[in-house]
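Residue numbers (the numbering used here): 15 to 276.
Using N, Cα and C, we set each Cβ at its ideal position, and we do this for glycine too.
Remember, it's a predicted structure, so these values are computed and weren't measured experimentally.
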């Protein structure tokens, strides 16, 4: 296949064909099963927390406040699994030289990145639907999320996940040892979890902590030690940082991979 963009019989660009090929290569990797398994774990945790919360306070803001912590624990690991699985197809069989004699290296990287983003888009969509189901099905009565708030949640979560998976994919492409990206994913999980106990300024320096930076609801204990919640402002600065890091990491990793001696 030439390195230029090739149109299929249906007029689709070559990148679409390349992304479809990535999914075909990963079809026996049980990637969707692993993604749904982690989502089911998070959803079970969310339902358990919601069921306990609604008995004491029917305000859904408490669940929205808890969601970034769940995401910081689960989603970095999911990003590591997805990026590692998509890249491991060539790493395990040492097929990079064979593949790159037929296709441009930059397009290979772009196709793998796009495949990972599509998987994350599905995961975030399913997760957002689960959040709505919990909000309207458990018995909450106050501050139920509307379509606009759910859309903002999906956007913020996807943008942070895109940044994480771009960083992890850069690690995957830099080394043939796919244990390395899993270490990065687990490390991001722990950092994202424990950064919540530090002053908020530290969250700007940890990629997985951007789930907190881009949260929908803020909260704090008042003088009577009751948790009070309020709507967080739209995280324009946090989303801008995520997009900038994503673009920079993608461009840098693609250039490094294209120049790499295999």
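- Between the alpha carbons of residue 206 and residue 177 lies a distance of about 14 Å.
- Membership of residue 244 in the beta strand (DSSP E) is indicated by the continuous run 241-245.
- Residue 160 sits in coil when the DSSP states are folded into three classes, being neither helix nor strand.
- Counting C-beta atoms within 10 angstroms of its own C-beta, residue 265 has fewer than 16 neighbours from the protein chains shown and is therefore classed as exposed.
- Checking the DSSP bridge columns, you'll see residue 231 partnered with 245.
- Taking every protein chain shown into account, the CB of residue 161 has fewer than 16 other CB atoms within 10 angstroms, so this residue is exposed.
- DSSP lists 156 as the bridge partner or partners of residue 73.
- In the same chain as residue 75, and ignoring 5 residues on each side of it, the C-beta atoms closer than 7 Å to its own belong to 157, 231 and 243, in chain order.
- In the displayed model, residue 268 falls within a helix according to three-state DSSP.
- One thing to note: residue 84 has its Cβ within 8 Å of the Cβ of residue 59.
- The three-state secondary structure of residue 66, taken from DSSP, is helix.
- Per DSSP, reduced to three states, the secondary structure at residue 126 is helical.
- If you draw a straight line from the Cα of residue 223 to the Cα of residue 213, it comes to about 12 Å.
- Secondary structure of residue 212 (DSSP, three-state): coil.
- In this structure residue 263 is not in contact with residue 133, their Cβ atoms being roughly 18 Å apart against a cut-off of 8 Å.
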